[in-house]
Amino acid sequence: MENIQTILDQINSYIKEERSEEDIFQLIFSSLSKDPERDEKFIELLSNITDIKIAHVLFRILTLVKEKRLKKMIRRALYRLKSKGILIEEIPKEGESILKPLHVEPPKAFINNYDFIWDRILIVALPTLGKPTLYCFGLINDEEGLVKFGVRELSKKGFTEFFEDLKKGSSTPLIEIDAPYGAYLLSEAYQLSIDKGNLSRDFSHFIGEIKKIKKNYEKPLVYSYLFLGEIEKNIFLQKSDELFNRDIFKSWYINEELIRPYANELLDAEKSKLILNETQKKERFQMIYEKALFELFSEDRRLLFKRRLEETSYFLLKLGMEEEAKISLAVAMEIEKPLNRLQPNSFLLQLVINSIYAVLEDDYEKRSRDVSLIVRP
């Protein structure tokens, strides 16, 4: 048999690598010997690994083994894990449960949708044994990563009050989402911040706790709830302009520093001394819109907006807005394709137009305020 410490090191490595519970079970179960003293020491040391997977594996082994002494060792280890706060939420169905599991609230997650600078509020709630729930609060951004992060222990009442204050300050509703997906989004933002080197503090301990409940997703979660075939997608694509009539899309604009050159170009065209009729003006404006579209929306930027639309589609679905969710998903699926000059993407083109006029209107308001401050002599 392998040295016990070698096996324990391998188990810790499995946990760090987020290997499956089945892999850990196979490793531990195959490491049990017919030497009671060795097994007793092995089981005792296992209880020092404070991870929910170890508790689940020990419960499973408890239902399989026949030796009374080994069962007694495992019971002791499980009690030690319980005393350290390891919560047993699922017990194997085979046979009667030997230990009564402690009831604990499942993890929860809450999120709002993008604001005008593409930030989102994300909360992951991690219940802990005998203590107030640990709430991890993040402000995430798909280009910057984890903009802000904080952790609080709050009672149910304390969280309710805090949550109500958050809702008042949020530009979109805060909704509950699948907790593993919330943990995935927070971990994703944290990794992006690490890659960009813009973390002000080390949050690895708390992110480690969050990763215990996260799952890995090959695609955004909306694809687990919605499927659009090619025909259905094309039907919903025809309604893409309707999205901008919904409150949730009214804050969607291209960043000012990116769109301003085209806004200035449009203003210059408007002020041009060339004599153009209305049709010629419209054609010139359209050329500026399409120029902005093709210069701004590289493949990377299209993929960025694709993800935003996918996340928004899931958000709309959770709000009960199924048709809007399908339109948003249809647009997301279409955006991935290379832009076509003969048939520009209507959603992105409208986004360009809205963004240009938002800059021009903002400039006009600023000039109006400046003029109103002038006092006549």
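Residues in the sequence shown are numbered consecutively from 1048, following the numbering used here.
Virtual Cβ for every residue (Gly too), placed ideally from N, Cα, C.
Remember, predicted model here, so these are calculated numbers, not experimental data.
What is the DSSP secondary structure of residue i, reduced to helix, strand or coil?
{"i": "K1195", "result": "strand"}
{"i": "T1180", "result": "strand"}
{"i": "L1117", "result": "helix"}
{"i": "L1398", "result": "helix"}
{"i": "L1201", "result": "strand"}
{"i": "Y1361", "result": "helix"}
{"i": "Y1126", "result": "helix"}
{"i": "K1243", "result": "helix"}
{"i": "P1385", "result": "coil"}
{"i": "G1276", "result": "coil"}
{"i": "Y1300", "result": "coil"}
{"i": "D1082", "result": "coil"}
{"i": "S1067", "result": "coil"}
{"i": "P1174", "result": "coil"}
{"i": "Q1390", "result": "coil"}
{"i": "S1094", "result": "coil"}
{"i": "F1163", "result": "coil"}
Could you tell me which residues DSSP puts in a beta bridge with residue i?
{"i": "G1185", "result": "L1169 and F1196"}
{"i": "I1222", "result": "I1158"}
Is the separation between the beta-carbon of residue i and that of residue j shorter than 8 Å?
{"i": "I1224", "j": "K1365", "result": "yes"}
{"i": "I1257", "j": "S1234", "result": "yes"}
{"i": "F1019", "j": "I1051", "result": "Not covered by the structure: residue 1019. The range shown for the chain is 1048 to 1424."}
{"i": "L1015", "j": "E1383", "result": "The question about residue 1015 has no answer here: the residues shown for the chain are numbered 1048 through 1424."}
{"i": "L1395", "j": "L1340", "result": "yes"}
{"i": "S1094", "j": "R1066", "result": "no"}
{"i": "P1153", "j": "R1116", "result": "no"}
{"i": "I1188", "j": "D1166", "result": "Just to set this straight, residue 1188 is Asn in the shown sequence, not Ile. Going by C-beta atoms, N1188 is nearer than 8 Å to D1166."}
{"i": "I1400", "j": "Y1300", "result": "no"}
{"i": "Y1156", "j": "A1236", "result": "One detail in the question is off: residue 1156 reads as Ala in this sequence, not Tyr. Their beta carbons are not under 8 Å apart, which means A1156 does not touch A1236 by this criterion."}
{"i": "V1198", "j": "F1253", "result": "yes"}
{"i": "E1381", "j": "L1284", "result": "yes"}
Which term fits residue i, buried or exposed, when burial requires 16 or more other beta carbons within 10 angstroms of its beta carbon?
{"i": "G1142", "result": "The predicted model places G1142 with a pLDDT of 47, which falls under 50 and marks its position as unreliable; any figure quoted below should be read in that light. Exposed, by the Cβ-count rule."}
{"i": "Q1390", "result": "exposed"}
{"i": "T1053", "result": "exposed"}
{"i": "F1274", "result": "exposed"}
{"i": "S1271", "result": "exposed"}
{"i": "P1267", "result": "buried"}
{"i": "E1137", "result": "For E1137, the predicted structure reports a pLDDT of 47, less than 50, and the residue's modelled location is therefore unreliable. The matter cannot be settled from this model."}
{"i": "S1345", "result": "exposed"}
{"i": "P1139", "result": "Note that P1139 scores 43 on pLDDT, short of 50, meaning its location in the model is unreliable; the coordinates nonetheless yield the value given after this. So P1139 ends up on the exposed side."}
Quick check on residue i - is its C-beta less than 8 Å from some C-beta in chain C?
{"i": "D1410", "result": "Chain labels in this structure do not include chain C; a single protein chain is all it has."}
Is the number of C-beta pairs between the region 1211-1221 and the region 1346-1361 that are closer than 8 Å three or more?
Segment contact: the region 1211-1221 against the region 1346-1361, fewer than three CB-CB distances shorter than 8 Å; contact not assigned.
Touch test, the region 1364-1378 against the region 1172-1185, Cβ-Cβ under 8 Å, three pairs minimum:
Output reads no: the region 1172-1185 does not touch the region 1364-1378.
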